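Comments concern the structure below.
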Amino acid sequence: MVKTDYIPELSEVRMERRAPEGPYTLDADDRAYIEGCLRQVEAAFGTQGFTGMPFEAIPGRALMRRFIVWWRTLEPETEAQGEAHAQLPGAIRLLDTVSSYLEEKARGGGR
């Protein structure tokens, strides 16, 4: 089931804006975690987040937006859906942490 009356919170809008316009550059473990989350939600809910697009080409903002929208609108009805849905907050936090680092680095504060 999907909620249709979703209005984003200010923090969610900020996370999306902070995300890079291009694809995220993630280390191997983070990439595996994020892509795994994406694929798990797609499989459990029978949906496609980015049809025909390889993971490496997905723009960061689009990925962040998709994860946030899925977190706020998908309502798990099965155990598999519940498990997939439960992964989204961690994936969102990880991506936002990377976004914050990239933002700080762009301002000259990162190493």
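In this text, residue positions in the sequence shown follow full-length UniProt numbering: the first is 1, and each later residue adds one.
Every residue gets a Cβ at the ideal spot worked out from N, C-alpha and C, and that includes glycine.
All figures in this text were calculated on a predicted structure; none of them were measured in a lab.
Tell whether a beta-carbon distance below 8 Å holds between residue i and residue j.
i      : j      : result
Thr47  : Tyr6   : no
Leu102 : Pro8   : no
Ala44  : Ala80  : yes
Val98  : Tyr33  : no
Leu94  : Asp30  : yes
Phe67  : Ala91  : yes
Arg14  : Ser100 : no
Glu16  : Arg61  : yes
Which stretch, first to last residue, makes up the alpha helix (DSSP H) that contains residue i?
i     : result
Tyr33 : Ala28 to Phe45
Gln81 : Glu79 to Ala106
Glu16 : Leu10 to Arg18
By Cβ distance, which residues of its chain are closer than 6 Å to residue i, with the 5 residues on each side in sequence left out?
i     : result
Ala84 : Gln40, Val41 and Ala44
Phe50 : Ile58
Cys37 : Gln87 and Ala91
Val69 : none
Quick check on the burial criterion: 16 or more other C-beta atoms within 10 angstroms. Buried or exposed for residue i?
i      : result
Leu88  : buried
Glu104 : exposed
Leu10  : exposed
Met53  : exposed
Excluding sequence positions up to five away, which residues of its chain have a Cβ less than 7 Å from the Cβ of residue i?
i     : result
Ala57 : Pro23
Gly82 : Pro76
Which residues in the same chain have their Cβ closer than 8 Å to the Cβ of residue i, if we skip the five residues on either side of it in sequence?
i     : result
Trp71 : His85, Leu88, Pro89 and Ile92
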